[in-house]
Amino acid sequence: MSKSLYNNCCNLFTTTIFFIIFKCIIQINGELSSIVYTNQGPVQGEILQTIVNSVSYSSFKGIPYGKPPIGELRFKPPEKAESWNETLISTSEGNQCPQMDFIFKNYSGNEDCLNLNVYTPKTIFEDGNNSSDKLLPVMVWIFGGQFKFGYVNSSFYGPDFFIEDNVVLVAMNYRLGALGLLALNITGATGNAALKDQTLALKWVKDNIIKFGGDPNSVTLFGTSTGASCVDLHSFSKLSQGLFHKSISMSGTPLNPWGFSTPDEAEARAFKLGELLGINTTSKEILLKELSEKSAKEIVLATENIVKADRPFKSTIESYEIAGETAFLSECIVNQLEKGNFSQIPHIAGFVANEILSFATSVQSLIDQSQFALKSMNKVLHNKVGEKIESFMEYLSSKSKYNLTDLPVSIVMEGINNLSDVLTILGIDTKQKLMLPFSKSPIYYYQNSFDAGNYSQHRQRYHIDFDGVAHGDDLIYLFYPKIYKVPLDPTNKFSIVRKQMVRMFTNFAKYSNPTPNETDNLLNITWPVSGVEGVHLKIGNELKVINSRPINDNIKILEKYQNNCTLKIMNGCE
1 MSKSLYNNCC NLFTTTIFFI IFKCIIQING ELSSIVYTNQ GPVQGEILQT IVNSVSYSSF
61 KGIPYGKPPI GELRFKPPEK AESWNETLIS TSEGNQCPQM DFIFKNYSGN EDCLNLNVYT
121 PKTIFEDGNN SSDKLLPVMV WIFGGQFKFG YVNSSFYGPD FFIEDNVVLV AMNYRLGALG
181 LLALNITGAT GNAALKDQTL ALKWVKDNII KFGGDPNSVT LFGTSTGASC VDLHSFSKLS
241 QGLFHKSISM SGTPLNPWGF STPDEAEARA FKLGELLGIN TTSKEILLKE LSEKSAKEIV
301 LATENIVKAD RPFKSTIESY EIAGETAFLS ECIVNQLEKG NFSQIPHIAG FVANEILSFA
361 TSVQSLIDQS QFALKSMNKV LHNKVGEKIE SFMEYLSSKS KYNLTDLPVS IVMEGINNLS
421 DVLTILGIDT KQKLMLPFSK SPIYYYQNSF DAGNYSQHRQ RYHIDFDGVA HGDDLIYLFY
481 PKIYKVPLDP TNKFSIVRKQ MVRMFTNFAK YSNPTPNETD NLLNITWPVS GVEGVHLKIG
541 NELKVINSRP INDNIKILEK YQNNCTLKIM NGCE
């Protein structure tokens, strides 16, 4: 055989093997979708089927919405992704942003991470010429994770149940930690880059989602924890006005102690980061220059040592004189609430029954949360409620050699619930009260008390062996998490509650009302607006309307002695 013929045979063999492997991969993961032509370039995803009812849908993963925020763009507002000509195969997850894993403390990620996923019930696309009567409501998800970790991987945020209720789901990655929230109040680091990433993703949705069968005029923004705080912040930001039309905030608000930094606190933490990295300077400009020269990994690792319990980097107020039109937030949110200066759109707010249970991984973890809660309270609040937390912290300190499960459950859960009141529930209830006098649209309120038992995230992910509903447990009532064991039997109580939650959220996205149909046998209830009384829906083994606020005596005392002056100090207004 001649050398030329031999080479041709080898090339043919190699090409054949490649296509066989490629075909096998597609058969395993799903067939390729038709091509969708976004404003930046063509993308091709895959056709998948939902886990329960085998409904076909199109999945597009890792679509760039922003340029890689590296080099000169690090710490700065994002820029729109550059265009491409070749079809982008969007069947694999995009890069997650640099972060430290919450459980195993492993570093991962890549700064080229401004990408998003689109999941749509549409499998046939009409080159963006979809008529309005065919367009589907869009739900845009913002994950939580203490502003430090998280990503939109479908192994955790599976879209299956939203698809089966016929909405388009979008989820974006955004910068985390110092890379996303460093604020020095100088050009190049005014703060809130992570929030600006999210705004850019929302602009991408407005410009492109019609091509995927989504309605750009019916966008619901929803998120949990710090993601919920972000949802609320977008309602206060002029940059995000008109980009979404309804919102859902789960277990978070910027009024929580962990949701917002004063500008002074933000600067102090930036300098603390520099100190941990060996940057000894009092100059903001020198600090920014030297931080820009550090690797993402160095910055992420150092961030772990800035502060306990609290989020090291958070959203903050920017100086309009410095940030100009790129300022995400240039006025204190309490002032904006007092003036009614926020998006007047339909809103759902709520929380789970035992928020801080998610931190019951060790005695020390709850001591850290107790110290954080006490630090967040002024003297009056400390005298009224703080003594309970102080007593709990002292008790835990005396039991530091024990496992939490060795301690009386009643004492541990009482302490957890007191911490939940201060660190999460107080802020959410306060927000509802402050929004109410000005909101021209309905505000719905809920408390989730459905305990999923061994299926709960706090047991499966964090190995916390206590009953209750922990911060983040409700995510598996919305998304299909391939990495966890959850029941799919439609008669299982877990499945019924999951279907109810998804139905109410998707109803809200479609109709601005979570229970528009009185004949819906799945729900069999009308969820009323919250009003002055704080009427709320209690989500448990059954759905119940409670004609009062979902708060206890602790919260009532805290709200009695908390005033707007206190809130303004905490949120950098004064």
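Using full-length UniProt numbering, you'd call the opening residue of the sequence shown number 1 and step up by one each time.
Here a beta-carbon is modelled for each residue, glycine too, at the ideal position from N, C-alpha and C.
Values in this document were obtained by computation on a predicted structure and should not be read as measured data.
{"query": "Among K556, I525 and D465, the one whose alpha carbon lies nearest that of E542", "result": "I525"}
{"query": "N335 - DSSP class collapsed to helix/strand/coil", "result": "helix"}
{"query": "Closest residue to N177 among P312, E318 and D465 (Cα-Cα distance)", "result": "Residue 177 is actually Gly in this sequence, not Asn. Answer by Cα proximity: P312."}
{"query": "Inter-residue spacing [alpha-carbon to alpha-carbon] between T430 and H347", "result": "15 Å"}
{"query": "Pick from I47, E46, V55 and G94 that is closest to P68, judged by C-alpha positions", "result": "G94"}
{"query": "Buried versus exposed, by CB contacts within 10 Å (16 or more), F450", "result": "buried"}
{"query": "Sequence-distant residues of the same chain with beta carbon closer than 6 Å to P254, five excluded per side", "result": "S229, D232, L233, F260 and I333"}
{"query": "Same chain, Cβ closer than 6 Å to S155, neighbours up to 5 away in sequence not counted", "result": "K482 and I483"}
{"query": "Which of helix, strand or coil DSSP assigns to I248", "result": "strand"}
{"query": "Best match in K206, Y402 and F351 for proximity to S420 [C-alpha to C-alpha]", "result": "F351"}
{"query": "Local Cβ density within 10 Å of F359, reported as buried at 16 or more and exposed below that", "result": "buried"}
{"query": "Euclidean distance between Cα positions of Q432 and I51", "result": "36 Å"}
{"query": "Beta-carbon gap between I356 and L273 smaller than 8 Å", "result": "no"}
{"query": "Distance, S33 Cα to N521 Cα", "result": "35 Å"}
{"query": "Residues that DSSP places opposite K538 in a beta bridge", "result": "Q447 and K544"}
{"query": "Residues bridged to N115 [DSSP beta-bridge criterion]", "result": "P64"}
{"query": "I443 beta carbon less than 8 Å from that of L436", "result": "yes"}
{"query": "Proximity test, G278 beta-carbon vs the ligand COA heavy atom, cut-off 7 Å", "result": "Absence of the ligand COA from the depicted structure is noted, as is the absence of any ligand whatsoever, leaving it without description."}
{"query": "K80 - DSSP class collapsed to helix/strand/coil", "result": "strand"}
{"query": "Cβ neighbours of L558 in the same chain (closer than 8 Å, five flanking residues each side left out)", "result": "L381, K384, V385, D421, V422 and L426"}
{"query": "Beta-carbon proximity check, K211 vs L243, cutoff 8 Å", "result": "no"}
{"query": "CB of S247 within 8 Å of CB of S235, strictly", "result": "yes"}
{"query": "Exposed unless 16 or more other CB atoms sit within 10 angstroms - verdict on D215", "result": "buried"}
{"query": "Paired residues, beta bridge with S108 - DSSP", "result": "Q99"}
{"query": "S54 and I47 closer than 8 Å at C-beta", "result": "no"}
{"query": "Beta bridge counterpart(s) of I186 as assigned by DSSP", "result": "A189"}
{"query": "Euclidean distance between Cα positions of D146 and V409", "result": "As written in the sequence, residue 146 is Gln, which differs from the Asp given in the question. Straight-line Cα distance between these residues: approximately 27 Å."}
{"query": "Other residues of its chain near T262: CB distance less than 6 Å, five sequence neighbours each side excluded", "result": "G572"}
{"query": "In DSSP terms, what I348 is bridged to", "result": "I248 and Y444"}
{"query": "Alpha carbon of S376 to alpha carbon of D165, nearest angstrom", "result": "41 Å"}
{"query": "Exposure label - residue 578; buried when at least 16 CB within 10 Å", "result": "Absent from the model: residue 578. The displayed extent of the chain is 1 to 574, so no value can be given."}
{"query": "K538 versus S218, H463 and Y445, residue with shortest Cα-Cα distance", "result": "Y445"}
{"query": "Alpha helix (DSSP H) segments (min. 4 residues) lying fully within the region 361–415", "result": "363–375 and 387–398"}
{"query": "Spatial neighbours of P42 in its chain, beta-carbon cut-off 6 Å, leaving aside the 5 residues before and after", "result": "I35 and T87"}
{"query": "Per DSSP, the bridge partner or partners of I142", "result": "G223"}
{"query": "Where T519 falls: helix, strand or coil (DSSP)", "result": "coil"}
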